[in-house]
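For reference, each letter of the sequence shown is one residue, going 34 to 106 in our numbering. Every residue, glycine too, gets a C-beta built ideally from N, C-alpha and C.
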Amino acid sequence: MHKNTALAETVRRTAYFLWENDGRPAGRSFDYWLRAKEMHLRQIAYDKWLAEGTPPNRAETHWYQAARELGEK
């Protein structure tokens, strides 16, 4: 995710939003960041699937592509 600073900032904002909505629990920032990252990973994969016309048996490909966009391997 280091390469895509706009996406990294979006994940940070989402994590902050989730943290605030849960009452700002102390010491859980990483948990909220992981939750936000997973949310964006799912959304990116779903958008790719929709853009491709909802093909059957292609979910794994979209997950890998979305993970690459988030800077994972």
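N54: member of the alpha helix (DSSP H) spanning 38-54, first to last residue.
Between H73 and L103, the C-beta gap is smaller than 8 angstroms, which places the two residues in contact.
Taking a cut-off of 8 angstroms on C-beta distances, the region 57-68 does not touch the region 87-95, as fewer than three cross pairs fall below it. A residue is called buried once 16 or more other Cβ atoms fall within 10 Å of its Cβ, and A39, having fewer, is exposed. A residue is called buried when at least 16 other Cβ atoms come within 10 angstroms of its Cβ; A84 does not meet this threshold and is exposed. The straight-line gap separating the alpha-carbon atoms of R46 and E53 is approximately 11 angstroms. Taking the Cα positions, E42 is about 14 angstroms away from R68.
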